[in-house]
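A.B. asks: A single structure is presented below for examination.
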Amino acid sequence: MKPLRLILAITAAAAVCYVGVIWLGDWELRAARREMARLENERRDLLDFIARLTETRRVAQLTIDAMSVEADGRTLTALTFLEFGSEGLAGRPQQIRVHGSRVYVEAEVIKFDHARVGAAGERREVSAAVFRRVFGDQAAPSAGAEIRPESRAPVIAADAARQERLWRRFREWVDDPQRAAAEGVRVAQVEAPALDAQVGRVFEISLDAAGGLNIRRVATAQ
Numbered sequence: 049m050k051p052l053r054l055i056l057a058i059t060a061a062a063a064v065c066y067v068g069v070i071w072l073g074d075w076e077l078r079a080a081r082r083e084m085a086r087l088e089n090e091r092r093d094l095l096d097f098i099a100r101l102t103e104t105r106r107v108a109q110l111t112i113d114a115m116s117v118e119a120d121g122r123t124l125t126a127l128t129f130l131e132f133g134s135e136g137l138a139g140r141p142q143q144i145r146v147h148g149s150r151v152y153v154e155a156e157v158i159k160f161d162h163a164r165v166g167a168a169g170e171r172r173e174v175s176a177a178v179f180r181r182v183f184g185d186q187a188a189p190s191a192g193a194e195i196r197p198e199s200r201a202p203v204i205a206a207d208a209a210r211q212e213r214l215w216r217r218f219r220e221w222v223d224d225p226q227r228a229a230a231e232g233v234r235v236a237q238v239e240a241p242a243l244d245a246q247v248g249r250v251f252e253i254s255l256d257a258a259g260g261l262n263i264r265r266v267a268t269a270q
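In this text, residue positions in the sequence shown follow this note's numbering: the first is 49, and each later residue adds one.
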């Protein structure tokens, strides 16, 4: 009988071990699935963060209408400036003349730290810019053309308060970078990207969500 009892005991122990292995395997499987789901959520969150961080939007367009050489040898460049708001709404086109074949577009720019740019929802901030003037390389910047108020792109009501708050603080952030950093502002500065003018060329100015202004040729006017 002892061998039989031993066999039964071994069989029972094996059964317990088998059930334990199945249970442990199932637990590990569930744990692995939970971990995979967590990692997938983290991956999606990271991709969304990167997408928000690398966004860019069109903020202005310049079309070179005419160029001529004046009696003093300077080049007179005529162009059309068109600004676009955050919702793609355009301002009134402004006809501008500047001296020079290299044209600069000056703007005040506020850039926020990457954590704020990448954040979701109401916590998110993106770079902001307000155009001030256009000038050429054959005259002082102060001789350039100011962007007229009526040429500015419409600001939607939901963004008006934010814009007012930002530009009220701009000079303070420029003068006090430490305070700016404490308030989530990475850089507050004046930028003036330039283009080499040629009649008929159309240039687009874009603003990166986490960066500054970019200018590139996009077409040749018909």
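Where is the CB? At the ideal position from N, CA and C, for every residue including glycine.
1) Could you pull out every residue in the same chain whose Cβ sits closer than 8 Å to the Cβ of residue 96, ignoring the five residues on either side in sequence?
2) Using DSSP with H/G/I as helix, E/B as strand and the rest coil, what is residue 211?
3) When DSSP labels each residue in this structure, what does residue 204 get in the three-state scheme?
4) Where does residue 239 sit, in a helix, a strand or coil, going by DSSP?
5) Using 8 Å as the cut-off, can you tell me whether the stretch 110-123 makes contact with the stretch 87-94, which would need three or more C-beta pairs spanning the two stretches below that distance?
6) If you compare alpha carbons, which of 185, 210 and 180 is closest to residue 198?
7) Suppose you measure from the CA of residue 227 to the CA of residue 160; what does that come to, to the nearest Å?
8) Looking at the secondary structure, which residues open and close the beta strand (DSSP E) in which residue 142 lies?
9) Express the C-alpha separation of residue 119 and residue 239 in angstroms, rounding to a whole number.
10) Residue 221 and residue 203: beta carbons closer than 8 Å?
11) Decide yes or no for the touch test of the stretch 78-86 against the stretch 211-219: beta carbon pairs closer than 8 Å, at least 3 of them.
12) Please state the DSSP three-state secondary structure of residue 180.
13) Which one of 185, 231, 191 and 131 has the shortest CA to CA distance from residue 123?
14) Bridge partners of residue 264, per DSSP?
15) Note down, in chain order, each residue of its chain lying with its Cβ closer than 6 Å to the Cβ of residue 126, except the 5 sequence neighbours on either side.
16) If you draw a straight line from the C-alpha of residue 69 to the C-alpha of residue 100, how long is it?
C.D. replies: With the given structure in hand:
1) 168
2) helix
3) coil
4) strand
5) no
6) 180
7) 13 Å
8) 142-147
9) Across the structure, residue 239 and residue 119 are spaced so that their CA atoms are roughly 32 Å apart.
10) In this structure, residue 221 lies away from residue 203, with their beta-carbon atoms at least 8 Å apart.
11) no
12) Residue 180 falls in the strand class under three-state DSSP.
13) 185
14) Residue 264 is bridged to 252.
15) 113, 114 and 145
16) In this prediction, residue 69 scores a pLDDT of 48, lower than 50, which makes its location untrustworthy; the coordinate-derived value is nonetheless stated afterwards. Their backbone Cα atoms lie some 46 Å apart in a straight line.
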